[in-house]
Amino acid sequence: MNIQVFHGFTDILLEVTFALIPLLLFFIIFQFAFLKLPKEKVVNIFKGMGLAFIGLALFLQGVHVGFFPAGEAMGEILGGLSFQWVAIPVGFILGFVATFAEPAVRILNHEVEKVSGGYISERVMLYTLSIGVAISIALSMVRILVGFPLWYLIIPGYLIAVILIWFSANTFVAIAFDSGGVATGPMTVTFVMAVCVGVATVIEGRDPLLDGFGMIAMVALTPILTVLVLGLLYRRKEKDNERDVERRS
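Each position in the sequence shown, counted from 1, maps to that position plus 102 in the numbering used here.
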């Protein structure tokens, strides 16, 4: 069992090593040229890099032996059901839950709350992004089941985003586009994408390459829209507060 779990782990270690070496070299160059950090801090940074190396290696190995096979198996079961429409609500739930478990989303929400002084709460951002990703997965399932092209969703979606930029609060515009990138993290890419590919694999007339992929593009789009809509709500709330202050004065 251990041999199966760690099958191909050597290749994973090499991949992670080559990925982290450039970062390590950049840090060493900047340390000698500009940073001049004390020895204790440098040691802690190297310890952190070591932990990151171990964590990335174990995570990627887990993706290959766990997430991918489990996701594809779930997708094939959903696609093989007589009532295939159930893949839509299941996709919505998976998207919502995967975003809750996404570490990059947690970091973004924490930074937004800290920089905004609590004006934009971490919980509100978490639910906003989770709903956005959930909608994107549900729409991806609809696209797989019906079989229409991806650009039917992408082009109108970005047109709506451009329109919302003009009406949303300026604070939320930059956050929205960062949210789109953050939402496409390891949990969504590794697990939910495998589910979509699995569904497209077993449905007659569907090509996994054409219909199964493209979900990540949707995940990058819908959080932008939901955060911009959140900006509209905050802007409306600000105007209501200003009106209340004017009436009182």
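Ideal Cβ placement from N, Cα and C applies to all residues, glycine included.
Query: Contact set for I305: own chain, Cβ-Cβ below 6 Å, skip 5 residues either direction; Result: G181
Query: At least three beta-carbon pairs within less than 8 Å, the stretch 114-132 to the stretch 147-157; Result: yes
Query: Cβ-based neighbour list, E174, same chain, cut-off 7 Å, excluding 5 preceding and 5 following; Result: A296, V299 and G300
Query: Buried or exposed by the 16-neighbour rule on C-beta atoms within 10 Å, applied to V214; Result: buried
Query: First through last residue of the alpha helix (DSSP H) which encompasses T290; Result: Taken as a continuous stretch (DSSP letters only), T290 belongs to no alpha helix (DSSP H), as it is neither H nor E.
Query: Proximity below 8 Å, CB of A240 to CB of F194; Result: yes
Query: Check whether A285 and A236 have beta carbons under 8 Å apart; Result: no
Query: Beta carbon of F170 nearer than 8 Å to that of T290; Result: no
Query: Per-residue DSSP class, three states only, for E204; Result: coil
Query: Whole-angstrom distance between D113 and A263, CA atom to CA atom; Result: 41 Å
Query: Element boundaries [alpha helix (DSSP H), containing A322]; Result: M317 to R350
Query: Expected contact under 8 Å - CB spacing of F279 and I326 to nearest Å; Result: 6 Å
Query: Closest by C-alpha distance to E204, when choosing among H109, D313, P288 and N272; Result: P288
Query: Within the stretch 225-307, ranges of the alpha helix (DSSP H) (whole runs, at least 4 residues); Result: 253-269, 272-285 and 295-304
Query: Close-in-space but distant-in-sequence residues of the same chain around L210 (CB under 6 Å, 5 per side omitted); Result: V284
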